[in-house]
Amino acid sequence: MALIDNKNQTLQEALKNALSNADQIDIAVGFFYFSGFQALFDQFKDKKIRILVGLEVDPQLVPKIVQQSKEGDIDLSKWQTRDNTNSRTVRKLNYVDAFVSFMNDSDIFDSDRSNEIFDLYIEKVKNGTLEIRKTVSDYHGKFYLVHNTKESSQNGDFPGTLFMGSSNLTYKGLVGQGELNDSSREKGKFEEYKNEFESMWSDSQSIAIADPNTKDNFIETIKPRIWKYAVPSPYDIYIRILHELFHQEESGSIKTPKAITKGLYSDLEYQIDAVKMVIDKLNKYDGAILADVVGLGKSIISSAVARNMDMSTVVISPPHLIPQWEDYKEQFGIRGSKVFSSGKISEVYERYQESREPILFILDEAHRYRNEDTNDYMLLHQVCRGNPNNKVLLLTATPFNNDPKDVFALLKLFQTPGQSTIRSVDNLSLRYRELIQRYKKLRRNMSRDMDAGEIDKEAGEIAAEQRRLIEPIIIRRSRLDLKYITRYREDLEAQGVDFSEVKGPDLLEYDLGELYGLYVDTLSLITKPENQGFIGARYKPTASEYMDEESRKKFIEKYKDEFDDVEDIKIAQSNLAQFMRRLLVMRFESSKDAFRSTLEKMIESNEKIENWWNEIGTVPIMKKGQFPDPKDYDLEDGENDDALTQDLELLRSKKGFLEIDKELLSPRFIEDVRHDTSLLKSIHSQWYSNSSQADLDPKLDELVSKLKEFLSENPERKIVIFSSYKDTVDYLHDQLHKRGFDRVTLYTASEGTDSYKQIIKANFDASYPEEQQKNDYDVLLATDALSEGFNLHRAGIVINYDIPYNPTRVIQRVGRINRINKKVFDNLYVYNCFPTAIGEEETKVKSISTLKIKLINSVVGSDTRTLTSDEELTSFFKDEFDKAREQDEQLSWDAPHREMYEKALKNYDMQKAQGLPRRSRVKRVDTGHQGVVVFGKKGSNSIFTFGENPEVVEVVSAEHALPYFRAKENEEGKSVSDDFINAFNMAKEKLFGKHELPKIQGRRAKSIQVLKIISEELPASRDYCEDIISIIKTLDDLSDGALKDISRLDLRNVQTAYKKLLEIVPETYIRNVLTRANRTESEQELLLFAEQFI
């Protein structure tokens, strides 16, 4: 007896030696499919082989078995079928199904030699030299009978060699660790096991899988099901991939809005599909972005999703939308739901940071949470990641054209960047950080007079790349999609739902009259170069013109821990000063009342700075972390109302500032502050000191005239007038009432009471119950607090009282009157108020043109130097609106593919596509493409790769890949070329292999240094610190704000720093991050289809 432990000698080696003198081998084992045959291929070529299989694995579990085997040795006995049937047919089918699955789901054939071996396998089955039977009852024994040739049998005294022990006829059994076998050449022992084998081999004890009577059936059964022998049609592959991407459960599998609300809301096909898609993405990616265009019912869809998910639900919403969400919560019966204001993130954190129960977070207007440096974001990030099974649903406008850094921040709320389940790229962290740097470079070039065409081209490419990155997790449909997809269109038509046509925007021009000269002079003073007009000095004391290098060094040394980069605070102040100049123009253009308010607040603020300078000897500036970001005041809160100026003063009152000694500043600073104060006071005096002039308001006069005209033309067509500013709305409301307009009401955030909302709905919402509708008001004045969450489609006209510097906001305003649930008017009209002057003198015409250009450049931020006429000005606004609407209403990339899939469901035998063997590959010629495209899945997530040659292979999005797979029904596929396998293996490696990690630099590098020091100084913290370092390096799963706080820890007292670190990164957060990462790492990998283009 010789022990074989697969260490000093493997069973494979022992069998090879024994088979060199043999002509037959009989094998009885628990498991055999193909890998054992492959391992002994050269020795099996000319031998008679009989294999008796005692056990069977569950065919459905083969993909998991393959996945587990990649991670190490695997015990097949753990994966046995639980079906204890005595049916011979069922046992045979189970074996064949598992055999086919091993062929299609493993890498067995991914080399030319493997294909050669399988060809021999089939040939030996055909010629009868390989027979396979399955025991009727489970058999766990393992033995191998190697029959010697007559010449080697020593006249019958040495009939062969017996091997017995623990090894199955699998690659692991033959060479893997943990096996133990022995061998015997004793004749009696050999004959004993031979008799046992023959008894088990008999018909009564075993089931024929492949023997002389069943071999043809075996081959005919497996060949069509194994990719090696399949050449499917490209159309079948295309439809199968569409099925993998777009298949949804029947409507009966979810609760629909109509069923949930007992008929309060209708069931629209596109909304039901959205509910299914969101649920699918939440389960696949732990989060989703719902970005349907305005008016398609995002809130209804989200509420239905929450009800179907049946999770405790937390809604975080802007304050003015909270009552709406409270209504949805009741109407949809959302379990355990709570609605919080977006300003109360700390409350959300305190309540849910360590929730043991998974939570669905719905973030309305999610783009608010884009700044990772803010305390709100850090708390939100931790609470969203507070349980590994939490889900996050983001509701937002299209994010494609935003700063990639902003969108990356949103993704981090539910994704682990370094090990993302979003499979549109190889490494989400790496690709997003590359895109962020690319965007930063573009912003720098924009300030250096980069060619406008180049800017547009680069911006477009960045937006396209961003769309590719987030494509798997975003749901965005436009009205064009609803018209294009037949099922949606027919459903809407059947329910009487139609769309209005938007006309305009057209100019509603008002003649400045005798105010013309003052208007132009004021605008010139505000918009002149900084050294001639309004400077905004008080917002930027650290600018280079006020602080020399020596002073800057002293300032930085004093406050070095307050900001990451020495340029941070200088840039932030410069941005703020520019924005305040722009804000001044926007308030000037909005209304006389708004302009007066801003002038007075700016004058007061400048005088406070002078007092600090004179009485305390310092100038206060805000800390970097508390610096208001002008982007956050870009009409995103619904109404500006000087909110930025108010927040600046609020921070000061809370001591949220640093102080610069005036010795560090040039005297020019205070001189420029005084210059601004004098300028602002002069402007104020010219506009408001002369009582007769103060009463002039040509803009208001023109509005009154147009309101009378519009209402007389059609009294049923109500009108909504929007302004960005609450004080303008209040002013208009007061003035219109004074001028006899009694049927005018207003809505700003301060009027957002339930009773007031009911008044608005009763008078302006066409979907409100008819018996409750009223007709008390014809005109509604509103800020953008009303541009979300309301139906106003009894109105047919929108007037933008301010110049609409953000065309997307105009689209949202129009979306209030252009609702999908009920069309009232065939045409909807949009007007923009704009100043002009009546006169024919050439000089005045030129001045008017200059005035208009200055206004648009200052407010809109566009280069309009080519505008010379009112016609071109009208065209400019319409072009800007149409451009934004085109982006908003463009046909989704997947609409044509979805329509194709919908047609296939009706007219095509889906069994053909679903029956295609996995790993099928086909060659296509004369398609205009070149290269290899591959489709696979990791878990439930789809992945594509494409490469024009084996050396350049990339993970690509479905949007990029599907045009390659698209095919006509009559196209025939061909067998792939001999050189295909190299390109295929490269694509497979890119599909599932480990990918490059982003370079460790900046805050991440600084944080790792700090963590290493704490770990060395405090041994008890070592494991904790090492886990955080691993999360930073491999998962990139800390917020930038957390990294900032770690990098700034004061290491003079390491114990205190460690306690602070535990607050920044709680141990529970580490556990949750690693739990989620482990979950995604173990997902099974399936390689489905590949196509070669030549």
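Letter by letter, the sequence shown follows residues 102 to 1195 in our numbering.
Backbone N, C-alpha and C fix where the C-beta goes; we use that ideal spot for every residue, glycine too.
What you are looking at is a predicted structure, and each value in this text was computed from that prediction instead of being measured.
Tell me the DSSP secondary structure of residue i in three-state form.
i, result
"Ser268", "coil"
"Glu1049", "strand"
"Pro424", "helix"
"Asn864", "helix"
"Glu602", "strand"
"Val237", "coil"
"Lys258", "Note on identity: in this sequence residue 258 is Asp, with Lys being the wrong assignment. Residue state, collapsed to three classes: coil."
"Gln181", "strand"
"Tyr1159", "helix"
"Val376", "helix"
"Ile209", "coil"
"Lys356", "coil"
"Pro729", "Confidence at Pro729 is low in this model, with a pLDDT of 45, below 50, so its placement is unreliable and the value that follows should be read with caution. Correct three-state label for Pro729: coil."
"Ser170", "helix"
Mind checking which residues open and close the alpha helix (DSSP H) that includes residue i?
i, result
"Ser202", "Arg189 to Asp206"
"Glu1055", "From DSSP, Glu1055 is part of no alpha helix (DSSP H) but of the beta strand (DSSP E) over Val1053 to Val1057."
"Val1035", "It is not in any alpha helix (DSSP H) - Val1035 instead sits in the beta strand (DSSP E) that spans Gly1032 to Lys1039."
"Gly289", "Lys288 to Trp302"
"Ala498", "Taken as a continuous stretch (DSSP letters only), Ala498 belongs to no alpha helix (DSSP H), as it is neither H nor E."
"Val158", "Segment: none, Val158 is in no alpha helix (DSSP H) and carries neither H nor E."
"Gly897", "Element bounds for Gly897: not the alpha helix (DSSP H) but the beta strand (DSSP E), Ala896 to Asn901."
"Thr699", "Lys693 to Asn712"
Please go through the same chain and pick out, in chain order, the residues whose beta-carbon is closer than 7 Å to the beta-carbon of residue i, but skip the five residues on each side of it.
i, result
"Ser948", "Note that Ser948 has pLDDT 47, beneath the 50 cutoff, so the model's placement of it is unreliable and the number below is only indicative. Answer for Ser948: Val621, listed in chain order."
"Phe319", "Val226, Ile310 and Ala311"
"Ser121", "none"
"Glu942", "Low local confidence applies: a pLDDT of 41 at Glu942 is under 50, so the model's placement there is unreliable, and no value is given."
"Arg539", "Ile563"
"Pro1018", "Asn205, Arg326, Ile327, Trp328 and Ala331"
What residues are listed by DSSP as bridge partners for residue i?
i, result
"Glu232", "Arg151"
"Val720", "Ile761"
"Gln1193", "Lys1024 and Val1033"
"Pro936", "Tyr611"
"Phe347", "In the DSSP output, where bridge partners are listed per residue, Phe347 has none listed."
"Ala883", "Phe823 and Tyr848"
"Asp283", "Leu104 and Met265"
"Phe441", "Ile417"
"Ser403", "Answer is none; Ser403 lacks a bridge partner."
Leaving out five residues on either side along the sequence, give the residues of the same chain with a beta carbon under 6 Å from the beta carbon of residue i.
i, result
"Lys316", "Val226"
"Glu1184", "Lys1039 and Gly1040"
"Tyr245", "Ile128 and Phe264"
"Tyr589", "Glu370, Tyr371 and Leu583"
"Glu287", "none"
"Ser49", "This structure gives no information on residue 49, because the portion of the chain shown stretches from 102 to 1195."
Round the Cβ separation of residue i and residue j to the nearest angstrom and send it over; I've been treating them as touching at under 8 Å.
i, j, result
"Phe135", "Asn269", "About 12 Å; that fails the 8 Å criterion."
"Ile361", "Ala405", "6 Å"
"Ser692", "Tyr906", "Going by Cβ atoms, the distance from Ser692 to Tyr906 rounds to 15 Å, so no, they are not a contact pair."
"Leu529", "Ser521", "4 Å"
"Ala1062", "Ile340", "That pair is no contact at about 15 Å."
"Leu609", "Glu803", "7 Å"
"Ile463", "Ser413", "Contact flag wrong, Cβ pair sits at about 12 Å."
"Leu536", "Glu566", "6 Å"
"Val1054", "Ala1191", "With 8 Å as the limit, Val1054 and Ala1191 do not qualify as a contact, their Cβ atoms being about 12 Å apart."
Are the C-beta of residue i and some C-beta of chain D separated by less than 8 Å?
i, result
"Val395", "Looking for chain D here will not work: only one protein chain is present."
How is the beta strand (DSSP E) around residue i delimited, first residue to last?
i, result
"Pro459", "Run containing Pro459: none; DSSP gives neither H nor E here."
"Tyr245", "Phe244 to Asn249"
"Gln1185", "It is not in any beta strand (DSSP E) - Gln1185 carries neither H nor E in the DSSP assignment."
"Asp124", "Ala123 to Val130"
"Gly388", "Gly388 to Leu391"
"Ala309", "Ser307 to Ala311"
Taking 8 Å as the limit between beta carbons, can you name the residues of its chain near residue i, skipping five residues before and five after?
i, result
"Ile523", "Tyr386, Leu512, Gln516, Leu529, Leu570, Ile571, Pro573, Ile574 and Asn1042"
"Ala467", "Ile390, Leu495, Leu496, Thr497 and Leu511"
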